[in-house]
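Notes follow the structure.
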Amino acid sequence: YRSPRTTHFRMAERYGIIVTLKVKEGKMEELLELSKGHFLRQHDGREPNATLASIVMPLPDDPNTIRYFEQWVSKEDYELHSKPNENLQFFFDNAGPLLDDAPVIVEAPMIHYAK
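In this text, residue positions in the sequence shown follow this note's numbering: the first is -10, and each later residue adds one.
Below is the structure:
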């Protein structure tokens, strides 16, 4: 069976990361604002081939944990980001004091689907 909607999406190979951050008590709003600025800069042309970023908000049973889902066209594009570049270094410098622990980063090839 082939769904008639299969012609309405695109599939592409990408490279990405899932980041988990443990935030100090009372610092979530500040970290969220820093995160929003980081991702706006990431997609304003400063990071070529950055294609996607999402902030996964804290869950009720884990209110001090936030996650990011980020994606680039290729592993090489991600490596330019993670050197770190100026945008990421600014984020680290400002977010570091708000974190309870080092970020946990899982990187992997991805198959991306979009409408």
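Beta carbons are placed, not taken as given, at the ideal position from N, Cα and C, and that holds for glycine.
Short Cβ contact (8 Å threshold) for residue i with residue j
| i | j | result |
| --- | --- | --- |
| S63 | Y4 | yes |
| A91 | L20 | no |
| V45 | F58 | yes |
| M99 | Q60 | yes |
| V12 | D82 | no |
| I6 | V95 | yes |
Bridge partners - residue i, DSSP secondary structure assignment
| i | result |
| --- | --- |
| H111 | Limits of the chain in this structure are -10 at one end and 104 at the other, which puts residue 111 out of reach. |
| E96 | I6 |
| E11 | Strictly speaking, residue 11 in this sequence is Lys, with Glu absent from that position. Per DSSP, T54. |
Sequence-distant residues of its chain with Cβ nearer than 6 Å to residue i (five each side left out)
| i | result |
| --- | --- |
| K25 | none |
| R30 | N76 |
| K16 | L87 |
8 Å CB neighbourhood of residue i in its chain, flanking five on each side removed
| i | result |
| --- | --- |
| E14 | N53 |
For the stretch 26 to 43 against the stretch 64 to 72, do three or more pairs of beta-carbon atoms, one drawn from each stretch, fall closer than 8 Å, so that the two count as touching?
yes
*asked:* When you compare the stretch 49 to 60 with the stretch 71 to 83, are there three or more beta-carbon pairs, one atom per stretch, that lie closer than 8 Å?
replied: no
For the stretch 31 to 87, which segments carrying the alpha helix (DSSP H) assignment without a break, of at least 4 residues, lie completely within its bounds, in sequence order?
-> 64 to 71 and 75 to 84
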